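Structure record follows, encoded as structure tokens.
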Amino acid sequence: MAMGCFASVVDLIIALENDGVIEGFMTFYLKSGEAYLKSAYGTVLCYWDGIAHYAMYLMMLSALSWGDNFREIGLYWAGSISHSMIVFMPGNVLGKYGVKWSLMLNVPYMIFPFMAGARFLMERPKLAISSTEAQSSHVSIWRRPLDFFFILFNIAASLIALLRGFAVLGCKMDLTKDYIEFYEPYLLDNGIYPKIQMLVYLFYFLPFYI
1 MAMGCFASVV DLIIALENDG VIEGFMTFYL KSGEAYLKSA YGTVLCYWDG IAHYAMYLMM
61 LSALSWGDNF REIGLYWAGS ISHSMIVFMP GNVLGKYGVK WSLMLNVPYM IFPFMAGARF
121 LMERPKLAIS STEAQSSHVS IWRRPLDFFF ILFNIAASLI ALLRGFAVLG CKMDLTKDYI
181 EFYEPYLLDN GIYPKIQMLV YLFYFLPFYI
């Protein structure tokens with residue numbers, strides 16, 4: 001966690017420098033090392049790591065010091081980093097920045113989060129289903145507003161994943177062309193990160209939505 005906290009602070013500094021809030025701290029490193037962090041995707045990724053992941057580290061450390069279980073926040077952390085690496089690493093290798101030795105700095109984030117996530121999943125608590133919960137599963141969907149909301153959400157998310165996936169794959173439909181032009185022109189970015197991200201949504205997230 002100490003390494004993660006340090007990396008989060010460094011990433012936040014990089015993101016702030018990319019946006020011109022500060023200057024002169026990471027200029028040499030970005031120029032000669034991880035130049036891909038200057039991209040739009042790299043900047044947002046640094047913000048996410050410097051804010052969200054750092055907050056998760058603090059929550060896990062607090063729970064650890066108080067003797068509490070941090071399985072749930074640990075799963076969020078492992079899933080968040082794993083998802084970002086699934087897009088980030090292939091984008092670095094296949095994109096315009098090329099492969100450099102500095103890319104190896106991200107290898108630990110491809111190993112430890114997956115290992116931690118597997119461990120958290122194996123520690124799954126055995127929860128007894130109460131009679132009230134068992135009965136609620138037989139209630140009509142119209143009387144379960146939260147479940148109905150999630151059904152609508154998954155349908156909408158599935159349609160959006162299909163639309164964005166087809167858009168980055170070069171679909172000739174007017175709908176996909178208009179979507180890229182007027183709503184998400186970032187998908188046409190020279191970097192390959194947007195395309196990989198949309199393909200992850202299409203081939204990995206979509207089956208879970210369904």
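Residue numbers (UniProt numbering): 1 to 210.
For every residue, glycine included, the Cβ atom is placed at its ideal position computed from N, Cα and C.
The structure presented is a predicted model; accordingly, all values stated were derived computationally and were not measured.
Going by beta carbons, Y193 and V87 fall inside the 8 Å limit. Cβ contact annotation for I14 (same chain, cutoff 6 Å, sequence separation greater than five): M26, L37 and C46, in chain order.
Counting along the chain, no alpha helix (DSSP H) covers W101, and no H or E run does either. G191 sits close to Y41, with the two beta carbons spaced by under 8 Å. Apart from the 5 residues on each side of it in sequence, I180 sits with its Cβ closer than 7 Å to the Cβ of A167, L187 and L188 in its chain, given in chain order. In the three-state reduction of the DSSP assignment, Y183 falls in the coil class, being assigned neither a helical nor a strand state. The beta carbon of S158 sits closer than 7 Å to those of L206, Y209 and I210, all from its chain and outside the five residues before and after it, given in chain order. Judged by pairs of C-beta atoms under 8 Å, the stretch 172 to 179 does not touch the stretch 64 to 75, as fewer than three such pairs exist.
Between the stretch 93 to 100 and the stretch 53 to 63, the count of C-beta pairs closer than 8 Å stays below three; the two stretches do not touch.
For the UniProt domain "EXPERA" (1 to 117), the continuous alpha helix (DSSP H) assignments of 4+ residues that do not extend past its boundaries occur at 2 to 18, 27 to 32, 40 to 48, 54 to 66 and 71 to 94, in sequence order. DSSP places F203 outside any alpha helix (DSSP H), giving it a letter other than H or E.
Looking from the CA of S39, the closest CA among G95, F150 and S8 belongs to G95. Excluding the 5 residues flanking it on each side, M3 has same chain C-beta neighbours closer than 8 Å at P108, in chain order. Around P90, the same chain offers I196 as residues with beta carbons nearer than 7 Å, after the five sequence neighbours per side are excluded.
Collapsing the DSSP output to three states places S158 in a helix. Within the same chain, and ignoring the five residues on either side of M1 in sequence, the residues whose Cβ sits closer than 7 Å to its Cβ are Y57, M60 and L61.
For I141, the CB contacts under 8 Å within the same chain, skipping 5 residues up- and downstream, are D147, F148 and I151 in chain order. The criterion of a C-beta distance shorter than 8 Å is not satisfied by Y204 and R164.
Distance from the CA of T43 to the CA of N18, rounded to the nearest whole angstrom, comes to 7 Å. Sequence-distant partners of L121 (beyond 5 residues in either direction) whose C-beta falls short of 8 Å from its own C-beta, in its chain, are L75.
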